[in-house]
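The opening residue of the sequence shown carries number 1 in the working numbering; numbering runs sequentially from there. Built from N, CA and C at the ideal position, the CB exists for glycine as well. Presented below is the structure to which this report refers.
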Amino acid sequence: MTELGTAGRLLRGELRRPDPLLLAMLLAVAVGVAALTSVSGFAQRVQAAIDARAATLLGGSVRIAAQRDLRPVAASLPSALRPATTVLELPTMAAAGERLRLVELKAVDAAYPLLGELLIAGQGARRAPAPGTVWVEPVLLAQLGIEVGDRIELGYSAFTVAGVIADEPDRVAGAFSIGPRVLMNLDDLPATRLVSPQSRVRSRLLYDPPPTKAARLVSALEAELPPHTSVETADEGLDETRNMTRQAADFLRLVALAGVVLAAAAVVLSASNLTEKRLPAAATLKALGASRRLVLLTYAGLVAAVALLGGLSGAAAGSVLERLLPILLSGLVPADLPPADVRMLPIAVLLALLVALAVAAPPLLRLGATPPAAVLRAPAQGEVERGFARTEGAGLVLALLLCGAVYAWLSGSVQRGLLAIGVLLSAALLFGVGARVLARAARRLSHRGPFAWRYAAAAFGRAPAHTVLAVAALGFGVLAILTPALVQTDLLRQWQMRVPPGAPNRFLIDVQPDQRDTVAQLLATGGARDVDLRPMVRARLTAIDGKPPPAPQNERARRFLERENNLTWRADPEPGNRLVAGEWWNAAAPEPQISLEQEWAAALGVALGDTLTFEVSGQQVTGTVTSLREVNWESLRSNFFVVFSPGALDALPATYVTSYRIDPAQADALLRTLVQRFPNLTVIDLDAMTATLQGLVAQLSRATGFLAGFTLLAGLAVLLAAVLAERTRLLSEAAVLRTLGASRRQLGAVYNLRFALLGGAAALLGSGAAVVAGALACAHYLEVPYQPNAGALLGALLLATALVTLTGRLGARRVLATPPAQSLRAGP
């Protein structure tokens, strides 16, 4: 019989009586492949959908966008550079009888949309609404209690609802909005009297040139546009949407990496301990004349068979899960995702096979090198430890290198892959050194205390190679599970709004100067509290110390430079703000002075003593920075980045804004009074906005919780492998101890402490590594503030220790139930 045939027979024998370690390896590979095919594949589909629709979502392949009315800019351009269509958006109140709702008004001309189709229910694809009519989202009909054909009031005009919007091509799925959409004809906007120089208007000038002429058009527009008016293409626009999509995709890839790392750790742990158990069998085969090649073929085939079966199971599960994710995230991701790429399935299975064989290679080579004499003379404990340490170290390093390579492939970035390798190898070094230090400490402390502690501590420190591998594998489990959990908290915190108790629940904007006193009186008599009507001037920063602002160094600085800044003036220091540098001005300030929010100043590189020049409707105002403030934005009060001293902005056009708190029972009556008296006013319901945001965050939380199941399953595989490996060694130890008179109760206490030491060491080291890994992920990948939760860390530490202890104790039941004579006859 050929060696291949003999290896096949031996392999079938192994598979007929599979070792429990093989089941742990099978579970690990299946989870890793499922993570690759579902989570990473879904992230790729979402990004592909956003990229494919970039021009449509932008409104055109080239656009000029600003938070002010750009129609005067469009009128000043040469005829060859006039936009193909103009779009204006602003928040306002829609009224139908006694009912009022905050809406997002969008005014478009007859050329809209340039790309895609605007679908109206029952009417098909349409252009702009006819003059005197509007189209609305269906939710507004229910909120106002009206039907198609009824009339609604917008500002100082009334319009007929002529249709319901079924699909708006340039609106991002899942994008947050403060109210339902109302679409009107641009020619009707002047009659509403909603747009003034200080109104909160977002406008877009849209173009759709042939691809070959887009770059030339951008260059021509940049030469004609006023300073700090940017031109964007489809590849450059949609920054907020792309950023949130990128953050979500990177988080999904982080989850996939966690699953792959845990799968690799479980494979290393299973393969190392399986080959250690098969050393006598390999020696017996060698003594009977088997070659090294036959031994390698048999056990490499065993690893390959388990990896292939796990890969196929994982691919099937991942394919199903990838189709469930769009349902779970319905409304948050584009509905028209491209189909799943089935080519990913065989690639993932092949990758699982190669990774499993690669990380199992060092222990397999050790198995193949077993001498025939080992049948008669078992190697010394020190020799076993040295051999085990070499194979486990090589296997773990190779596994981590391959995980980094997989992540580089998933993220499409060699730099990220190298950083992942650096983090993983650093964590492995931390686990290795930390486990050895803890093992040495346990050995020193094993000379005093009760029997259970002395034996458990001595056992923890007696076999450092096995201890290091178990602690490293479990530590990677804690690292891989806890890092996405810590990062998820910060990511969701970035996307949600937190409202402190007693904070304002309404925000009033667009109050004209001649309306201020009457509005203040109406608010006071209507039950509003904490009213502080503040003047606001919308202006653009044009110079720092007399020179144009430097090129922005990050996305936050770019937004500050390109958007309109809200300026105000105040004699007294801002309530609730803390002065962190400089001094507040006195009542007799001779020259305009400025107080800045500290993060705004840091983003633009502005310091005390610098002068800032702002442009407002063609007029310029300059002031000197004399103080920096820390602002509590979560208070939801009328806070400003830029505050001038009194008198500096008196000659400039301004509106007034205020936040206020009101009892829900009085809110609607006050709202009707305000809007009926001044239809141009806009009242933002912060309670409704917060509820909407919390709903989105809750959906994201459910989705991320679902994804955390991958890492938990992979962590279970690691835990199972570690417990099974320890149980193998416990059988012979228990037999000796029970022969020497130890009771089952004493052995149970020993095993509880032994697994508690193992779990506690892994939890302590893994939690520390997770804090560092989370900081790197938030800083370099997700670009969100990082605030590790001390409570979550302590909970993870205790839970991981308890879980390892409980699982190990359950796994040791067979050890306690096995008669000593049977264990001694069976051998190692």
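Residue i in three-state terms, based on DSSP
i      : result
Ala37  : Looking at the sequence itself, residue 37 is Thr, so the reference to Ala does not match. Here Thr37 sits in helix by DSSP.
Val295 : helix
Ser219 : helix
Arg68  : coil
Leu508 : strand
Ala125 : strand
Arg63  : strand
Gly766 : helix
Gln143 : helix
Trp633 : helix
Glu276 : helix
Asp19  : coil
Thr229 : coil
Arg745 : helix
Arg861 : This structure cannot speak to residue 861, because the chain is shown only from 1 to 828.
Glu137 : coil
Leu810 : helix
Glu153 : strand
Leu118 : strand
Ala787 : Checking the displayed sequence, the identity of residue 787 turns out to be Gln instead of Ala. Correct three-state label for Gln787: coil.
Ala773 : helix
Ala485 : helix
Glu591 : coil
Gly109 : For the sequence presented, residue 109 should be read as Asp rather than Gly. Asp109: coil per DSSP, three-state reduction.
Ser638 : coil
Asn586 : coil
Asn752 : helix
Ala130 : coil
Gly760 : helix
Buried or exposed by the 16-neighbour rule on C-beta atoms within 10 Å, applied to residue i
i      : result
Ala175 : The pLDDT assigned to Ala175 is 49, lower than 50, so where the model puts this residue is not dependable; a value taken from the coordinates is nonetheless given after this. Exposed, since its Cβ has fewer than 16 Cβ neighbours within 10 Å.
Lys286 : buried
Asp687 : exposed
Thr518 : exposed
Arg440 : exposed
Pro362 : buried
Arg17  : exposed
Ser199 : buried
Trp633 : exposed
Val406 : buried
Lys106 : buried
Val478 : buried
Glu14  : buried
Phe641 : buried
Phe451 : exposed
Thr839 : Outside the shown range of the chain (1 to 828) lies residue 839, about which nothing can therefore be said.
Range covered by the alpha helix (DSSP H) that runs through residue i
i      : result
Ile347 : 344-368
Asp668 : 664-677
Glu599 : 598-604
Gly13  : 3-16
Residue i - partner residues in DSSP beta bridges
i      : result
Ala96  : Arg99
Glu224 : Partner(s): none; Glu224 has no beta bridge.
Pro831 : With the chain covering 1 to 828 only, the question about residue 831 has no answer from this structure.
Thr614 : Note that residue 614 is Phe in the sequence shown, not Thr. Phe614 pairs with Leu541, Val621.
Ala256 : BP columns for Ala256 are empty, so no partner.
Gly318 : DSSP, once it has assigned bridges, lists no residue as partnering Gly318.
Asp685 : Arg506
Gln521 : Per DSSP, none; premise fails for Gln521.
Leu628 : Ala581, Leu596
Beta strand (DSSP E) segment containing residue i, residue limits
i      : result
Ser659 : 655-660
Gly289 : No beta strand (DSSP E) holds Gly289; DSSP gives it neither H nor E.
Phe644 : 642-644
Gly582 : 578-582
Gln608 : It should be noted that the sequence gives Leu, not Gln, for residue 608. No beta strand (DSSP E) holds Leu608; DSSP gives it neither H nor E.
- In the region 410-483, which residue ranges form an unbroken alpha helix (DSSP H) of at least 4 residues, counting only runs that do not cross its ends? Taking 4 residues as the minimum length, the alpha helix (DSSP H) runs contained wholly in the region 410-483 are 414-444, 451-462, in order along the chain.
- Item | 4-residue-minimum alpha helix (DSSP H) runs that sit fully inside the region 524-574, ordered along the chain | As far as the region 524-574 is concerned, its whole alpha helix (DSSP H) runs of at least 4 residues are 555-562.
- Task: Starting from the N-terminal side, write out each stretch of the alpha helix (DSSP H) that is 4 residues or longer and does not extend beyond the region 155-211.
- Result: Inside the region 155-211, DSSP marks whole alpha helix (DSSP H) runs of 4 or more residues at positions 189-192, from first to last along the chain.
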